[in-house]
Amino acid sequence: MGKTGKIVTIVLWALLIVSAILVVSLMVNINEEVDTDPAMNSWVNSNLVWAYILLAFGAGVAVISSLLHMFTDKKAAKNGIISLVFLGAVFLVAYLLASPEIPQFPGVDKFITDGTLNESVSKLVDTGLYATYILIGLAIVSVASSSVMRLIK
Numbered sequence: 070m071g072k073t074g075k076i077v078t079i080v081l082w083a084l085l086i087v088s089a090i091l092v093v094s095l096m097v098n099i100n101e102e103v104d105t106d107p108a109m110n111s112w113v114n115s116n117l118v119w120a121y122i123l124l125a126f127g128a129g130v131a132v133i134s135s136l137l138h139m140f141t142d143k144k145a146a147k148n149g150i151i152s153l154v155f156l157g158a159v160f161l162v163a164y165l166l167a168s169p170e171i172p173q174f175p176g177v178d179k180f181i182t183d184g185t186l187n188e189s190v191s192k193l194v195d196t197g198l199y200a201t202y203i204l205i206g207l208a209i210v211s212v213a214s215s216s217v218m219r220l221i222k
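Quick note: the sequence shown uses my numbering, first residue 70, plus one each step.
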């Protein structure tokens with residue numbers, strides 16, 4: 070194992086130890102009065118902050134390693150750019166399908182008056198929903214078609 074491998078192993082063990090200490094501390098101090106006990110809220114908040122840190126660290130490592138791989142391999146760069154263009158096309162189609170109309174549901178007036186829900190927010194939410202539907206549909210079609218192609222071969 071090279072120098073980089075040793076550093077990665079040490080960092081992973083450190084993350085594991087900190088995570089284990091936080092989880093064990095939370096479990097030892099857990100009680101049923103979560104709403105009224107400030108110490109319990111502190112432990113829950115500490116674990117949530119640590120989860121956010123781990124999420125950011127993992128996402129950062131994934132993005133950086135993908136970028137490094139993309140810069141060192143031209144075929145990976147081409148495939149990555151094709152994937153980004155495809156994802157952009159899906160979101161463009163979803164944006165064009167989205168409606169800026171504000172949905173009517175109980176309590177919507179509160180969100181409209183305080184400004185958190187307006188036509189642009191409604192259009193972005195609609196875009197996200199349409200993009201999710203398109204991507205789920207494409208995933209189902211790709212799974213089904215790969216199964217059918219495997220049967221044909």
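Glycine residues also receive a C-beta, built at the ideal position from the N, C-alpha and C atoms.
In the structure shown, the three-state DSSP call for A167 is coil. Closest in C-alpha terms to A125, from the list I76, V92 and L84, comes L84. Here G74 carries a helix assignment [DSSP, helix/strand/coil]. Ranking T78, S115, G176 and V80 by CA distance to the CA of S94 puts S115 first. Distance between S189 and V154, taken at the CA atoms: about 24 Å. Around the beta carbon of A145, fewer than 16 other beta carbons sit within 10 angstroms, so the residue counts as exposed.
Linking G176 to L207 through their CA atoms gives a straight-line distance of about 34 Å.
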